[in-house]
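Worksheet: the structure to be examined is printed underneath.
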Amino acid sequence: MGPTDWLALSRQALLHQVTHGDAVHSLSLLRRHLMETGRSVSISWLADGERRWVDELAPPPNPALGAVAAGAPAQSADGCWCLPLDHLSARVGLLCMTAADGDVLTDFEPLCEAAAALAAACGRPRARASGDDSALLRMALRGAGTYVWEWHPGTDELADIDEGFEMLGYAADHFAPTQAMWDLLIHPDDRDHNHAAYLRHERGEIDQYEHIYRALAADGRWRWLHERGRIVERSLDGSPRRMLGTQTDITLQRELESQASADRERLALIARHVPGVLYQFMQSADGRVGWFSYVSERCEAIFGVTAAELTADASALLRRVHPEWRERLRASLAVSARRGAQWRLEFPIRRRDGADRWLLGTASPQRVDAQVGDGGTAWFGYIADVTDLRELEAASRDKVAAEAASRAKTEFLSRMSHELRTPLNAVLGFSQLLELSRTPPLADAHRRPVQLIREAGEHLLTMIGDLLDLTRIESGHLRLQLDSVALSPLVDECVALMQAQAAAAQVNVIGATAAGLLVRADRTRLKQILLNLLSNGVKYNRSGGAVTLRAHGDGAFVVIEVADTGVGIAAEHLGRVFEPFQRGAHGHSTIEGTGIGLAVSRSLAELMGGTIDVQSQAQQGSQFTLRLPSTQQCTL
Ligand code: ADP
């Protein structure tokens, strides 16, 4: 039996005492209850230095003990806990309790406090308002939203229920004061539980009847009542004769509770949908003790520590922080607390699963009022995992640096190409002049070397031209002249231009284009692409091989295919042939080339609104497919 039970018994005894003005009966009632609950307790009355047991207790000087006020709990000379009772400022005695074996009751103090509060509430001078102690107690209880009732099970009469009806908004005499009537006001869903709670108490299974239920108020709404009671008198056959109790309207409290729980649920829902952790962190004024008063569930995914672990022990997070950063974390919090400034820190942790992550914490500090707290600090904040963001930032920094380097390279190549072209044009011009000179004509012995100088110069000029094209495309400075171009004549022209190179390589170049195809293209640039594809088909071919150019319409596009019977491209090189300077298997071969042609061709095709792709296998030949928008009129 604990203090709460003592409190309940004492409350009843006091209630009885106040209602009936009979202290002796009240005390013996209390003793009987205590004995009924199996606790053998002696209650004594200490007055004028003399201890008298309750049975021998003479009535106190003023028979209306209800007017007696109880002082603060104190200990008597023999160490027993007592409740001093005063009447008209004069101490009339002490209410003492000792265990039957004479031991001092250590759990008597809370009982005394509660009893003192009750007694104080009813023990004011009798000259007021009603002059009735019961009314005083009722007023005190009513102040706390609690009403008293009394029930006689034998007759079903509710002897004391007026205030209960009034609490629900009915006139006191509106209903017959019976429990049967009151039951009708109880919500149908709660009625059986209510009765069951009473029966458990009646059978002695529970010390006190207690139940929370809904009752119908006069305005048609349901009000929540918290009802407690106890059978205080039984007949000789054990059947209940009299029951006393209280009921408290807790509707507002329930509404506040459900509001608070809705707020909590809403916060949890919001917290579940934000990527980081929401929290409230508290720290004592001396900065020594810190704890999370709230932390959202996401902390498990982000820190690898559950919310329950963190609220129980904030250092569970600190232990995950990289050791070198712990002090920095503490110091930054101390500065934030001292200056009342926003806290912000990026720090590394190792999660429980071993993953190393970077967190960014931000929070606003608030001084905890010394009146309510200890003058410490509360931070309301947010912690996010910024590992991916940091990696992205680093990658973007690298990208900016790479782009700057690439721009510098493009600029350099562009300038160099220009610078090389001027002297090269002079070399080409003079070698042509030498070849054509008639006065005096070129000696036969020099004719071949001069021809070689010119051919090498022309090759160099083509390469520089490609390089310039590439730099212009990369810098976005290449301008195209888009027209409707008849494909067939252009293909014939390209095939004719290829004949010398093809003959030298003993490769057959064939143009098989359907007549009348029109493409939207820059004629010069399309010619450049076709020559590049045909030239590659010849270059990477075998003696006796063939290169075939076919074209056909495909809806809004014209498809041009250049297929060869050459060496093909191995799978590992296939994906990179359109990248500048990638020569695949021919990086060190004797076949001349720079690895620029296809890169320029693809860019040009794309600038004309088309695409270029390749299909090839090593030793199986290659097929390049160029698709360009058609300008064909729709013909039936
Ligand atoms: P280049 O021919 O000057 O090296 P390209 O950009 O035209 O540069 O071609 C890039 C690379 O693609 C070539 O070095 C070669 O390895 C491969 N390639 C291109 N066309 C063919 C082809 N028809 N057959 C086999 N390989 C080819």
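Residues 245 to 880, numbered by my numbering, are exactly what the sequence shown covers, in order.
Ideal placement from N, C-alpha and C gives every residue a C-beta, glycine not left out.
- The Cβ atoms of residue 872 and residue 724 do not sit closer than 9 Å to each other.
- Judged by pairs of C-beta atoms under 8 Å, the segment 423–441 does not touch the segment 509–518, as fewer than three such pairs exist.
- When C-beta atoms of the segment 676–683 are compared with those of the segment 809–824, fewer than three pairs fall below 8 Å, so the two segments do not count as touching.
- Beta-bridge pairing by DSSP links residue 431 to no other residue.
- Taking 8 Å as the cut-off, one finds at least one heavy atom of ligand 1 near enough to the beta carbon of residue 860.
- In the three-state scheme derived from DSSP, where H, G and I count as helix and E and B as strand, residue 497 is classed as helix.
- Taking a contact to require three or more Cβ pairs closer than 8 Å, the segment 625–640 and the segment 649–668 do not qualify as touching.
- The C-beta distance from residue 475 to residue 546 rounds to 57 Å, too long to fall under 8 Å, and the pair is not in contact.
- Distance check between residue 580 and each of 526, 555, 466 and 561 places 526 closest, using alpha-carbon atoms only.
- Pairing residue 587 with residue 594, the inter-Cα distance amounts to about 21 Å.
- Taken in chain order, the whole beta strand (DSSP E) runs of length 3 or more contained in the segment 820–873 are 855–860 and 866–873.
- Secondary structure note for residue 779: its alpha helix (DSSP H) is the uninterrupted segment 767–783.
- Annotation: residue 667 is outside any beta strand (DSSP E); the continuous alpha helix (DSSP H) that includes it extends over 631–680.
- In this structure, residue 792 has its beta carbon at no less than 8 Å from each heavy atom of ligand 1.
- Taking residue 397 as the centre and dropping the five residues before and after it, the same chain places the C-beta of 484 closer than 6 Å to its C-beta, in chain order.
- Straight-line measurement puts the Cα of residue 844 at about 18 Å from the Cα of residue 738.
- CA-to-CA, the gap between residue 535 and residue 557 works out to about 7 Å.
- Taken from the Cβ of residue 830, at least one heavy atom of ligand 1 lies inside 8 Å.
- Counting only residues of its own chain and dropping the five nearest sequence neighbours on each side, residue 389 has a CB closer than 7 Å to the CB of 492 and 493.
- Under the three-state reduction of DSSP, residue 422 is assigned to strand.
- Proximity of the segment 778–789 to the segment 752–760 meets the contact definition, three or more beta-carbon pairs being nearer than 8 Å.
- Taken from the Cβ of residue 636, every heavy atom of ligand 1 lies 8 Å or farther away.
- The count of Cβ pairs closer than 8 Å, one atom from the segment 825–834 and one from the segment 765–775, stays below three, leaving the stretches out of contact.
- Shown here, residue 442 sits in a helix according to DSSP, grouped into three states.
- Looking at the DSSP output, residue 798 sits in a beta bridge with 801.
- Excluding residues up to 5 positions away in sequence, 789, 790 and 865 lie with their Cβ nearer than 6 Å to the Cβ of residue 809 in the same chain.
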